Amino acid sequence: MSYRIIDLFAGMGGFRIAFENQGCECVFSSEIDKYARETYKENFGEYPSGDITKISSDEIPDFDILCAGFPCQPFSIGGLRLGFEDSRGTLFFEVARIIKEKRPSCFILENVKGLVNHDSGNTLKTIESILDEIGYNFSYKILNALDYGIPQNRERWYCIGFKKELEISFNESSRECSRVFNFPKTRELKFFVEDIIEENVIGYDCTAKATENINIHLPVFVEKNGKIQDRVIIANEIRPSRCSFKNNGTIPCFTAKMGTGGNNVPVIVDYNRKLTERECLRLMGFPESYKIKPNSHQSYKQIGNSVVVPIIEELANRMIELLKKVE
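For the sequence shown, this note's numbering begins at 26 and goes up steadily by one.
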């Protein structure tokens with residue numbers, strides 16, 4: 026049986042790739058960003074639907090699994106745990122609305138690690154309350170791509186939920202062991218940043234004029250930090266890079282700010298250049314066949330907003346195996 030998914034806040038389609046790799050069919054997608062929509066069309070042959078707040082559940086085909094990497098937003102009444110109706114006006118409400126009205130077998134949600142403590146924990150409490158209210162058992166965990174074979178320090182919140190009537194548990198001590206969802210165990214890296222480097226990419230050379238002010242900043246930097254490690258030269262200053270190629274063969278987290286300015290472009294110090302879009306895609310687990318516009322800050326932004334495909338695929342596999350058991 027081919028399970029049907031919908032892909033909300035689809036971005037570049039990372040969820041879709043992961044679930045299609047597990048034999049699923051995507052029957053609906055939604056994305057509002059015009060640049061991401063173009064990338065999606067280039068790779069999947071169709072434009073995703075637009076603003077999810079303007080799409081009724083009647084316009085969405087029946088499906089089995091909902092996928093959503095929704096933006097993190099505060100709810101309107103700080104400090105109070107709100108119900109489903111009280112969450113109107115947030116994008117999570119749109120996710121919950123579709124789950125409530127379409128009743129899929131399960132869902133997978135992804136968000137930034139900071140969701141856990143967002144608004145002093147009230148955002149997560151409200152999400153938990155609403156998911157319970159609309160009839161789903163669920164569990165969540167912070168997973169780091171670095172712990173699952175991807176050389177990128179990218180921590181994200183993943184939430185898996187199943188309809189309560191399916192009686193799928195997240196408790197490993199459950200007597201019905203065949204109906205327990207377990208998050209994957211960590212594993213060692215199988216490749217490093219140097220393994221994904223493209224050849225024959227032109228690096229950058231700085232003129233004496235461009236670097237004349239660096240000596241002004243260098244003594245201050247060394248005095249403050251005691252050493253220079255994983256350094257990258259940006260504009261007229263030297264700063265510890267939040268996006269440079271680390272000495273241990275890994276890289277810090279890509280973010281949506283990638284490509285928006287010199288400080289946010291991933292840099293490989295040893296190669297005297299930034300990471301290419303293709304290299305970034307490899308570090309997110311996208312296939313080599315994936316098409317993206319080169320030399321575009323929008324492309325970097327889309328990659329920074331995307332999901333790590335191998336993690337989603339492993340979670341998808343576990344979800345699908347459980348669905349097969351309860352059919």
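We treat Cβ as the ideally placed atom computed from N, Cα and C, and that holds for glycine. The model shown is predicted, which means the values in this text are computed figures rather than measured ones.
Partner residues in the beta bridge of F163, as assigned by DSSP, are G186. Just measuring C-alpha positions, the residue of S324, I317, M309 and K350 sitting nearest E338 is M309. The alpha carbon of K189 has as its nearest neighbour, out of E213, Y161, S203 and G174, the alpha carbon of Y161. Of the residues assessed, E56 falls on the buried side of the cut-off, its CB having 16 or more other CB atoms within 10 angstroms. Taking the Cα positions, G139 is about 15 Å away from N330.
C-alpha of T115 to C-alpha of I152: approximately 11 Å in a straight line. Nearest to A43 by C-alpha distance, out of K349, E352, I336 and V351, is I336. Secondary structure note for D32: it is in no alpha helix (DSSP H), and the uninterrupted beta strand (DSSP E) holding it is R29 to L33.
For C131, the pairing in a beta bridge is given by DSSP as I90 and F187. Annotation for V218: no alpha helix (DSSP H) segment contains it, and DSSP assigns it neither H nor E. A straight line joining the alpha-carbon of G174 with that of V205 spans about 24 Å.
The closest CA to that of F217, considering only M26, V333 and P176, is found on P176. Taking 9 Å as the cut-off, the beta carbon of Y65 is found no closer than this to the beta carbon of G94.
Apart from the 5 residues on each side of it in sequence, M26 sits with its Cβ closer than 8 Å to the Cβ of K349 and E352 in its chain, given in chain order. In the DSSP annotation of this structure, the continuous segment of the alpha helix (DSSP H) that includes E153 starts and ends at N147 to E158. Considering only I345, I124 and K215, the residue with the shortest C-alpha distance to L171 is K215.
In the structure shown, F117 falls within a helical segment according to DSSP collapsed to helix, strand and coil. Closest by C-alpha distance to D76, out of F34, Q47 and I345, is F34. Classified as exposed, E126 has fewer than 16 neighbouring CB atoms from the shown chains inside 10 Å of its CB. Cβ-Cβ separation between I185 and C92: approximately 11 Å, too far for a contact (criterion under 8 Å). Under the three-state reduction of DSSP output, N46 falls in the helix class. The closest CA to that of F208, considering only R303, A341, R41 and Q47, is found on A341.
In chain order, G39, A170, Y173, I175, Q177, R179, R181, M309 and G310 place their CB closer than 8 Å to the CB of V333, counting only its own chain and leaving out the 5 sequence neighbours on each side. DSSP places R62 in the uninterrupted alpha helix (DSSP H) bounded by K59 to F69.
In this structure, the beta-carbon distance from L347 to F187 falls below 9 Å.
Proximity to R128 across R29, F69 and P73 peaks at R29, based on C-alpha coordinates.
Beta-bridge pairing by DSSP links N136 to W182.
Looking from the CA of P86, the closest CA among E63, S54, F69 and E71 belongs to S54.
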